[in-house]
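Undergrad:
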Amino acid sequence: MIKSNTFINILFLIIAYFVYLTYQPFLIDIAIAVLLSIALFNIEKFFYNKTDNKYISSSIITLLLALLLFTPLFYFISGATDLVHKITPDSIQMVINKAKTLVGYFPDIVASKIKEFLASDSIQTIYNNIAHLLGTLTAKSAVFLKDMILIIIFFFFSNLYGQDILSFIKKVSPLDEDKANILFKDTQEMMGLVFYSTLITAIFEGLLFGVFVQFYGFDGVFFTVMYAFASLIPVVGGAIMWLPMSLYLYATGDTSGAIQVALYSIIVISLIADTFIKPLIIKYIKLELKNSIELNPLLIFFSIVAGLSTFGFWGVILGPAITSLFISILKFYSKV
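Sequential numbering from 1231 applies to the sequence shown in our numbering.
Next comes the structure, spelled out in structure tokens:
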């Protein structure tokens, strides 16, 4: 009997290794899909209670996620591609000439580097870099689109068979059913709170920026989407949007507009919205979800930074999710 168990264990490890090799290219996509299905568990449960059909509820929640991911992405890619195509050496030269007038406000050691970068012979290099960026954007978009399609597919099956998989995990787990339910509930609440708060905050800050810059002749919808994505990057995300825009307005002679966009972005969005309104959003989501989890905004900040540096764009989801799971396990140990 002992030899039989040993053989089965060895065989299982060997097969598990080859399963890992087979599915290794898709592990990140599978992980993201599973984590999203956990975060959106309550919404899927709502549709299931309404339809009493797992296929229909899984299809509805998958369709909603697909719309949430694909609609802004396609708009962003098409808008960004069109914007890059409109950039010419003359427009770059105009911005550089205006930027040179600001060099004097920087320390000498910084100013010398900026002057070197803004030298006239580098204009064509900058233009070539933009063209290269367009090619890279197209290639990255194709990979990103492939990942999103796989995530949507895995997400559907994760919702469809999630309960069966969870029941199997509970069965083979050394934990009793009550403790396993506590662990899942804490994990689901933590991840749901992180997901909803991050998503709603990004949309809110994107709207604040998009509506404001529309008064200066920019495409409000496009820059709402762009700022929403950029705001997911801690600290510098907002500056990636408003700094080039302010510089462009200054280069085209609209100095007051440049100052207004910069001050509005710093004071209204970065300071008021991100510092004071974001905690209120988290509090509201907790009340709506009847969530008892205490979440430190600083924790979300560091988890997103760590996730982005480790996993790239999808680290926005994976970083907070992994951190949430870790905290849930720690809280679980404190309860048992």
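Even glycine gets a Cβ: it sits at the ideal position worked out from N, Cα and C.
CB-CB under 7 angstroms to Phe1562, same chain, minus the five flanking residues each way: which ones, in chain order?
TA: Hits under 7 angstroms: Ile1412, Leu1413, Asp1416.
Undergrad: Could you round the C-beta distance between Ala1551 and Leu1265 to whole angstroms and report it? I think they count as a contact, below 8 angstroms.
TA: About 4 angstroms separates the two Cβ atoms, so the contact holds.
Undergrad: Write down every uninterrupted run of the beta strand (DSSP E) in the region 1275-1310 whose length is 3 residues or greater and which is fully enclosed by it, in chain order.
TA: For the region 1275-1310, not a single whole beta strand (DSSP E) run of length 3 or above is found.
Undergrad: Taking C-alpha atoms, which residue in Trp1544, Val1443, Ile1379, Leu1510 lies nearest to Leu1293?
TA: Checked all of Trp1544, Val1443, Ile1379, Leu1510; the closest Cα to Leu1293 is Ile1379.
Undergrad: Quick one: what's got a C-beta closer than 7 angstroms to Phe1384's C-beta in the same chain, skipping five residues either side?
TA: Result list for Phe1384: Asp1259, Ile1260, Ala1263, in chain order.
Undergrad: Exposed or buried, what is Thr1431 when buried is set at 16 or more other beta-carbons lying within 10 Å of its beta-carbon?
TA: Its Cβ being crowded by 16 or more others within 10 Å, Thr1431 is buried.
Undergrad: Give the secondary structure of Val1498 by DSSP, where H, G and I count as helix, E and B as strand, and everything else as coil.
TA: Residue state, collapsed to three classes: helix.
Undergrad: Residues in the same chain with beta-carbon distance under 7 angstroms from Asn1279, minus the five sequence neighbours each way, listed in chain order, please.
TA: Hits under 7 angstroms: none found.
Undergrad: Taking just the CA atoms, how far does Ile1273 sit from Ile1557?
TA: Answer to the nearest angstrom: the Cα atoms are 23 angstroms apart.
Undergrad: Give me the Cα-Cα distance between Phe1242 and Gln1254, rounded to the nearest whole angstrom.
TA: So the two alpha carbons sit approximately 17 angstroms from each other.
Undergrad: Measure the CB-CB distance between Ile1530 and Thr1428 and report whether it falls below 9 angstroms.
TA: Yes. Within cutoff.
Undergrad: Near Gly1549, what residues of its chain come up, given a Cβ to Cβ distance below 6 angstroms and the 5 sequence neighbours on each side ignored?
TA: Once the five neighbours on either side are set aside, the close Cβ partners of Gly1549 are Ser1533, Ile1534, Ala1536, Gly1537.
Undergrad: Assuming contact is defined by CB atoms lying nearer than 9 angstroms, are Ile1511 and Phe1442 in contact in what I supplied?
TA: Going by C-beta atoms, Ile1511 is not nearer than 9 angstroms to Phe1442.
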